[in-house]
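First the structure, in the form of structure tokens, and then the observations on it.
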Amino acid sequence: MGNICASSQFTSNGGRLVNRSPTAKIIHLDGNLQELRHPVQATHVLSQNPNCFLCTSESMDVDSYAPQVSEDEELQLGQIYFLMPLSQTKSPLSLQDLCSLAIKASAALANPLNARRVASSGRSPASDRNGQNVGACKVPTGIDIVGMETRVGRGNQRLEL
614 MGNICASSQF TSNGGRLVNR SPTAKIIHLD GNLQELRHPV QATHVLSQNP NCFLCTSESM
674 DVDSYAPQVS EDEELQLGQI YFLMPLSQTK SPLSLQDLCS LAIKASAALA NPLNARRVAS
734 SGRSPASDRN GQNVGACKVP TGIDIVGMET RVGRGNQRLE L
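Heads up: the sequence shown begins at 614 in my numbering, then just goes up one per residue.
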């Protein structure tokens, strides 16, 4: 439990599915979606977000530290990445953190045409969960649950909001 998974190869367009070319998707913690149509090195994105690190959606688990994507690693098309504040390297990811990231990713991926695009600087003023200015990232707050399996009464039921 704890992995965030989403697929965006097919999108709805007036009720029909449209096949889209794969892109490397970067979810900024303020909710911005940045799509890269060609593979680039992580350092390209990190240079625009100096107080952040990148991690893949597949590498995030509850009560584990988010492993950093190496600066010289090429971002893969079809993969979803999250920008995280460097302060997050000091504490494991909570269920609340992962749920908030899942909500932000779902919102950005559900309607990428209406998502705010990252400014050319790639920066937005933000603070970490203690209110400290981190300069370029914002840590999610609040708890939201999406597609979490839970045991309710007799048998398993799936809760989808």
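Where a beta carbon is used, it is the ideal one built from N, C-alpha and C, also for glycine. As the structure is a prediction and not an experimental result, all values here were calculated from the model.
When you compare each of T636, I640 and L642 to L649 by their alpha carbons, which one comes out closest?
T636
Go ahead and pull the three-state DSSP assignment for A637.
strand
Member of Q647, S677 and E671 whose CA lies at the smallest distance from the CA of Q709
S677
Segment limits, beta strand (DSSP E) that includes T669:
C665 to T669
When DSSP labels each residue in this structure, what does N743 get in the three-state scheme?
Summary for N743: the model assigns pLDDT 44, below 50, so the residue's position carries little reliability, and this model does not support an answer.
Buried or exposed (CB count within 10 angstroms, at least 16 for buried), S660
exposed
Using the three-state DSSP reduction, which class does Q709 fall into: helix, strand or coil?
helix
So is N662 buried or exposed if we call it buried at 16+ other beta carbons inside 10 Å?
buried
Can you give me the start and stop residues for the beta strand (DSSP E) that L646 sits inside?
L646 to L649
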